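Asker:
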Amino acid sequence: MLTIKNLHAEVEGKQILKGINLEIGKGETHAIMGPNGSGKSSLASVLAGRDNYTVTEGEVWFNGKNLLDLSPEDRAREGVFLAFQYPVEIPGVSNLNFLKTALNEIRTYKGLPTIEGRDFLKLTKEKQQLVDFNANLMNRSLNEGFSGGEKKRNEIFQLAMLDPQLAILDETDSGLDIDALRIVSNGVNKLRDAEKSFVVITHYQRLLEYIVPDFVHVLYNGRIIKTGTKELALELEERGYDWLKEELHLKESV
Amino acid sequence: MTSDITLPFYQALTTDVNALSTCQAQDDLQGVRREALERFAVLGLPTLKTEAWRYSNIQRYLKEFPYELLYATTTVPASVVAQAAIPELDCYRIVLVNGHLQADHSELPAGKGITIGALSAHTQAPGFTKWFNKQHHLAQESLATLNTAFFTDGLYIELAANTVIDKPIHIVHVYTATQHAFIQPRHLWVLNRSAAATIIESAVHPDADVVTFANSVLETVVEDNAELWHYNIQLGDQHFREVHTTAAQQQANSRYHHFNFTLPGTPFTRNNLSVALNGSYTETNLNGLYLANGSQHVDNHTFMDHIMPNCNSNELYKGVLLDSANGVFTGRILVHQEAQKTNAFQQNNNLLLGAKADINSQPQLEIYADDVKCSHGFTAGQFSEESMFYLRSRGIGEDAAKALMVNAFSHDITDEVKVPALQHYLQEQIAAIMNN
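Chains as they are written, first to last, in the working numbering: chain A, 1 to 254; chain B, 255 to 690.
1) Give me whichever residues DSSP pairs with Gln503 (chain B) in a beta bridge.
2) Thinking C-beta only, is Thr556 (chain B) closer than 9 angstroms to Phe583 (chain B)?
3) Where does Asn564 (chain B) fall in DSSP's three states?
4) Name the chain A residues whose beta carbon is nearer than 7 angstroms to that of Ile650 (chain B)?
5) Does any residue of chain B have a CB that is nearer than 9 angstroms to the CB of Asp51 (chain A)?
6) From this set, A:Thr101, A:Asn221, A:Thr54 and A:Glu209, which residue's C-alpha is nearest Leu234 (chain A)'s C-alpha?
7) Classify Ala457 (chain B) as buried or exposed, calling it buried when 16 or more other Cβ atoms lie within 10 Å of its own Cβ.
8) Using 10 angstroms around the beta-carbon of Gly631 (chain B), count the other beta-carbons present and answer buried if the total reaches 16, otherwise exposed.
9) What is the rounded straight-line gap between the Cα of Tyr321 (chain B) and the Cα of Asp463 (chain B)?
10) Kindly indicate the opening and closing residues of the alpha helix (DSSP H) around Asp666 (chain B).
11) When the cut-off is 9 angstroms and only beta carbons count, does Ser42 (chain A) lie next to chain B?
12) Quick check: what's the CA-CA separation for Val529 (chain B) versus Ile667 (chain B)?
13) From what residue to what residue does the beta strand (DSSP E) around Glu481 (chain B) run?
14) For Leu82 (chain A), return the contacting residues in chain B, with the cut-off set at a CB-CB distance below 8 angstroms.
15) Along chain A, in chain order, which residues have C-beta atoms closer than 7 angstroms to that of Glu640 (chain B)?
16) Contact check, Leu482 (chain B) vs Ala451 (chain B) under 8 angstroms by CB: the rounded distance?
17) Quick one: which residues of the stretch 150-166 of chain A get their C-beta closer than 8 angstroms to a C-beta of chain B? List them in chain order.
18) Which of the three DSSP states is assigned to Leu392 (chain B) in this structure?
19) Return helix, strand or coil for Glu569 (chain B), following the three-state DSSP convention.
20) Counting only runs that start and end within the stretch 267-352 of chain B, where is the beta strand (DSSP E) found for 3 or more residues in a row?
21) Mind reading off the beta-carbon distance from Arg50 (chain A) to Asn95 (chain A)? Whole number of angstroms is fine, and I expect it under 8 angstroms.
22) Please check the pair Asp214 (chain A) and His30 (chain A), which I expect to be a contact at CB under 8 angstroms, by giving their CB distance rounded to whole angstroms.
23) Residues of chain A with a CB under 8 angstroms from the CB of Tyr679 (chain B): which are they?
24) Could you work out which residues of chain A lie near Phe637 (chain B), taking near to mean beta carbons separated by less than 7 angstroms?
25) Residue range of the alpha helix (DSSP H) that Ala76 (chain A) falls in?
26) Are the stretch 544-553 of chain B and the stretch 501-521 of chain B touching by the rule of at least three beta carbon pairs closer than 8 angstroms?
27) Does any C-beta atom of chain A lie closer than 9 angstroms to the C-beta of Tyr644 (chain B)?
28) Only counting the same chain, and skipping five residues up and downstream in sequence, which positions put a Cβ closer than 8 angstroms to that of Gly19 (chain A)?
29) In three-state terms, what does DSSP make of Asn66 (chain A)?
30) So is Ser257 (chain B) in contact with chain A if we call contact Cβ pairs under 9 angstroms?
31) Mapping the DSSP letters down to three states, classify Glu155 (chain A) as helix, strand or coil.
32) Is any non-hydrogen atom of the ligand FMN found closer than 8 angstroms to the C-beta of Ser470 (chain B), if you look at the structure I gave you?
33) Taking the Cβ atom as the reference point for each residue, do His678 (chain B) and Glu342 (chain B) lie within a distance shorter than 9 angstroms?
34) What residue range does the alpha helix (DSSP H) around Thr172 (chain A) cover?
35) Is the Cβ of Val271 (chain B) closer than 9 angstroms to any Cβ of chain A?
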């Protein structure tokens with residue numbers, strides 16, 4: 001579904017991603033871990049098309065399409081979704097109106113009829129219950145005055161509504177207490193199926209107890225330096241990242 | 255003044271004695287008209303050297319065409335009036351064609367205490383005698399004096415004490431002519447003690463082949479404890495130019511809520527809005543939204559005159575300037591020495607979305623009292639990149655994202671519109687402009 005080949009990217013002239021290779025298959029969940037500043041969120045931003053990042057080398061293919069050629073909106077319409085680490089507050093844009101606009105832009109792109117009135121509200125209600133999102137928040141302005149947890153839950157609600165093929169969760173666990181973490185994770189787990197793939201970016205193993213990944217990758221200094229299964233996450237939790245860094249430096253010095 | 259004389263339009267005004275006598279024959283206001291003409295001769299037409307007009311080149315628009323001064327009455331078919339219809343709005347409708355009341359398209363509110371009709375037919379009414387041409391700011395504005403000297407007709411509304419109109423009144427101004435025309439309507443609305451009304455104004459310009467220039471003046475008086483909600487909607491087109499003067503007076507404990515919406519695409523719009531507070535404990539809300547595109551020029555020139563103590567005024571003007579549109583905002587607040595305990599707040603926020611769009615914004619605070627709260631603020635900016643990216647990352651295209659953001663930007667004005675059908679209509683208009 002997603003193939004990343006030798007991806008290099010820079011921001012403001014500074015090289016952040018230095019040759020990422022990653023293959024994500026249909027229905028798979030990949031965790032990307034790594035110390036602060038290793039490039040985890042940058043990878044998410046580059047995939048979603050944030051324009052202050054410049055790709056200097058490499059390719060990204062999504063279902064046979066060159067993702068890097070597409071605008072952010074077309075990436076979303078093709079089925080890529082980024083759950084933001086810091087969801088933006090937009091006063092004056094109602095959550096519902098925003099979702100309806102988004103959904104219909106995606107449907108129009110796919111040649112589907114737009115969804116209106118009752119059908120839209122029905123879908124909204126169904127998804128809101130699925131991911132346990134407070135109905136009172138739906139009529140409010142987009143994320144305005146939402147608590148940190150509410151914002152993250154809204155991201156998962158949007159994910160449920162827009163039903164992408166690939167969801168990238170950028171530190172969705174940051175700033176969540178244990179209850180909110182459980183609710184958010186439950187929401188994500190309910191959305192997992194054989195068709196949908198997830199990239200879960202996180203600093204801590206904690207989230208991966210709830211959203212159990214098929215693969216765990218360690219990103220360090222703009223490169224994936226180790227790939228394993230969920231056991232790798234446990235090992236990282238226990239031993240930290242230093243042993244990996246040392247391994248890497250030994251390898252590089254040889 | 256020498257430059258004025260080269261304008262054919264100006265020559266027509268001053269040398270065409272017939273023009274003046276045409277007006278004078280109609281009414282018993284010869285003294286007022288003559289005095290206004292003398293005043294106009296002193297003030298002259300504004301130039302870019304006139305302080306209050308330094309960003310608005312009206313002469314350019316007066317020189318564009320040889321305008322005919324229009325006095326004659328004319329009628330329009332219902333289809334023209336229908337262009338101004340606001341869907342789902344339950345209202346009384348008053349149609350004015352070039353300032354002349356067209357009764358057959360109008361549905362006037364009736365009942366005890368309501369006087370509505372042609373201004374020319376009410377020059378003996380008590381409200382007229384007491385208030386006509388009395389708002390003292392009018393004498394400072396040359397276009398207003400020009401209107402006083404030559405106005406044709408307009409709408410007179412007087413509500414007796416305690417009279418409340420049950421539905422909004424929608425005034426449809428139709429400006430139409432067979433050749434390029436300069437039209438000068440004049441209105442006076444008086445709400446006596448504890449009266450209340452909601453009045454919506456909008457305009458239609460059906461002619462595509464001639465240009466109409468309207469120089470209209472409205473005086474409105476909100477007496478003790480009365481309340482007026484006043485919405486002015488300027489949905490223009492290429493063949494229209496406008497100087498729109500609103501001069502309000504408020505008496506003690508009164509409330510005046512003014513909304514001005516300027517939308518595309520009249521090339522030149524100048525709104526003079528002044529409010530004189532003659533009594534204490536008043537509330538004034540001035541709300542403006544200008545959304546301009548092409549090479550549109552929109553100038554909002556506002557003046558809050560705090561004469562008496564214990565009054566509150568709030569002014570919020572927001573602008574969205576696309577393409578090479580040009581915005582001007584002046585917010586003058588004058589707090590007289592007697593006007594202690596004044597609260598006067600002013601804010602002007604702008605989104606500059608066109609590469610060549612610009613805004614000139616000028617707060618002018620003159621405060622002579624020492625126990626007051628006054629503030630002003632100005633912003634000009636673009637959409638936040640982060641917000642745009644957030645919307646786009648959800649599949650919303652750039653244009654639709656901009657439309658959502660403009661809607662969001664204007665919502666603190668549109669949210670204050672208390673007539674749901676009108677609010678919806680305005681939101682739809684804004685969305686349609688942004689999606690186009």
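Where is the CB? At the ideal position from N, CA and C, for every residue including glycine. Please read these numbers as outputs of a predicted model, since none were measured by experiment.
Answerer: Result, derived from the coordinates:
1) Stepping through the second sequence from its first residue, residue 503 (chain B) is reached at position 249. The partner list for Gln503 (chain B) (beta bridge, DSSP) reads B:Val475 and B:Ala530.
2) What you label residue 583 (chain B) is simply residue 329 of the second sequence in a count that begins at 1. What you label residue 556 (chain B) is simply residue 302 of the second sequence in a count that begins at 1. Yes.
3) One-based indexing of the second sequence puts residue 564 (chain B) at position 310. Looking at Asn564 (chain B) - three-state DSSP - the assignment turns out to be coil, as it is neither helix nor strand.
4) Taking the second sequence and counting its residues from 1, one reaches residue 650 (chain B) at position 396. Within 7 angstroms Cβ-Cβ: Glu73, Thr101, Ala102 and Glu105.
5) Translated into the one-based positions of the first sequence, residue 51 (chain A) becomes position 51. Taking Cβ atoms only, chain B reaches closer than 9 angstroms to Asp51 (chain A), which makes this a yes.
6) Here residue 234 (chain A) refers to the residue found at position 234 when the first sequence is read from its first residue. Out of A:Thr101, A:Asn221, A:Thr54 and A:Glu209, A:Glu209 has the C-alpha closest to the C-alpha of Leu234 (chain A).
7) Reading the second sequence from its first residue, position 203 is the one you call residue 457 (chain B). The residue in question, Ala457 (chain B), is buried, as its Cβ has 16 or more Cβ neighbours within 10 Å.
8) Residue mapping note: residue 631 (chain B) aligns to position 377 of the second sequence, counting from 1. Answer is exposed; the Cβ neighbour count stays below 16.
9) As a first step, residue 321 (chain B) is located in the second sequence; it is residue number 67 there, counting from the start. As a first step, residue 463 (chain B) is located in the second sequence; it is residue number 209 there, counting from the start. Straight-line Cα distance between these residues: approximately 13 angstroms.
10) On the second sequence, position 412 is the one that residue 666 (chain B) refers to. Glu652 to Thr668 is the span of the alpha helix (DSSP H), which, as asked, contains Asp666 (chain B).
11) Along the first sequence, one-based indexing puts residue 42 (chain A) at 42. Not one chain B Cβ lies under 9 angstroms of Ser42 (chain A).
12) Along the second sequence, one-based indexing puts residue 529 (chain B) at 275. Along the second sequence, one-based indexing puts residue 667 (chain B) at 413. Distance between the alpha carbons of Val529 (chain B) and Ile667 (chain B): 19 angstroms.
13) Residue mapping note: residue 481 (chain B) aligns to position 227 of the second sequence, counting from 1. Unbroken beta strand (DSSP E) run through Glu481 (chain B): Glu481 to Leu489.
14) In the first sequence, the residue the question calls residue 82 (chain A) occupies position 82. At a C-beta separation below 8 angstroms, Leu82 (chain A) has these neighbours in chain B: Ser647.
15) For the purposes of this step, residue 640 (chain B) is taken as the residue at position 386 of the second sequence. Correct list: Val88.
16) Sequence index remark: in the second sequence, residue 482 (chain B) carries index 228 (1-based). Sequence index remark: in the second sequence, residue 451 (chain B) carries index 197 (1-based). With 8 angstroms as the limit, Leu482 (chain B) and Ala451 (chain B) qualify as a contact, their Cβ atoms being about 6 angstroms apart.
17) Gln158 and Leu162
18) Locating residue 392 (chain B) in the second sequence gives position 138, counting from the first residue. Correct three-state label for Leu392 (chain B): helix.
19) As a first step, residue 569 (chain B) must be located in the second sequence, where it is residue number 315. It is a strand residue.
20) 346-351
21) Working through the first sequence from its first residue, we reach residue 50 (chain A) at position 50. Working through the first sequence from its first residue, we reach residue 95 (chain A) at position 95. Arg50 (chain A) to Asn95 (chain A), Cβ: 22 angstroms. No contact.
22) The sequence position of residue 214 (chain A) within the first sequence is 214, counting from 1. The sequence position of residue 30 (chain A) within the first sequence is 30, counting from 1. That pair is a contact at about 7 angstroms.
23) The residue given as residue 679 (chain B) occupies position 425 in the second sequence. Residues of chain A passing the Cβ test: none, with the nearest at roughly 17 angstroms.
24) As a working mapping, residue 637 (chain B) is identified with position 383 in the second sequence. Ordered by position in chain A, no residue passes the 7 angstroms Cβ test against Phe637 (chain B), which lies about 10 angstroms from the chain.
25) Against the first sequence, residue 76 (chain A) aligns to sequence position 76. Here the alpha helix (DSSP H) through Ala76 (chain A) covers Pro72 to Glu78.
26) Taking a contact to require three or more Cβ pairs closer than 8 angstroms, the stretch 544-553 of chain B and the stretch 501-521 of chain B qualify as touching.
27) In the second sequence, residue 644 (chain B) corresponds to position 390, counting from 1. Yes, contact with chain A.
28) Mapped onto the first sequence, residue 19 (chain A) falls at position 19. The residues are Asn6, Leu7, His8, Glu57, Gly58, Gly222 and Arg223.
29) The residue you call residue 66 (chain A) lines up with position 66 of the first sequence. Three-state result, Asn66 (chain A): strand.
30) Taking the second sequence and counting its residues from 1, the one referred to as residue 257 (chain B) is at position 3. With a pLDDT of 47 at Ser257 (chain B), under the threshold of 50, the modelled position of this residue cannot be trusted, and the question is left open.
31) Here residue 155 (chain A) is taken as the residue at index 155 of the first sequence, counted from 1. DSSP, read as helix, strand or coil, puts Glu155 (chain A) in helix.
32) Among the components modelled here there is no ligand, and therefore nothing to report on the ligand FMN.
33) What you label residue 678 (chain B) is simply residue 424 of the second sequence in a count that begins at 1. What you label residue 342 (chain B) is simply residue 88 of the second sequence in a count that begins at 1. Yes. Within cutoff.
34) Within the first sequence, numbered from 1, the residue matching residue 172 (chain A) stands at position 172. That residue, Thr172 (chain A), is in no alpha helix (DSSP H); it is neither H nor E in DSSP.
35) Within the second sequence, residue 271 (chain B) is the residue found at index 17, counting from 1. Summary for Val271 (chain B): the model assigns pLDDT 47, below 50, so the residue's position carries little reliability; its value from the coordinates is reported in the next sentence. Judged by the 9 angstroms Cβ criterion, Val271 (chain B) is not in contact with chain A.
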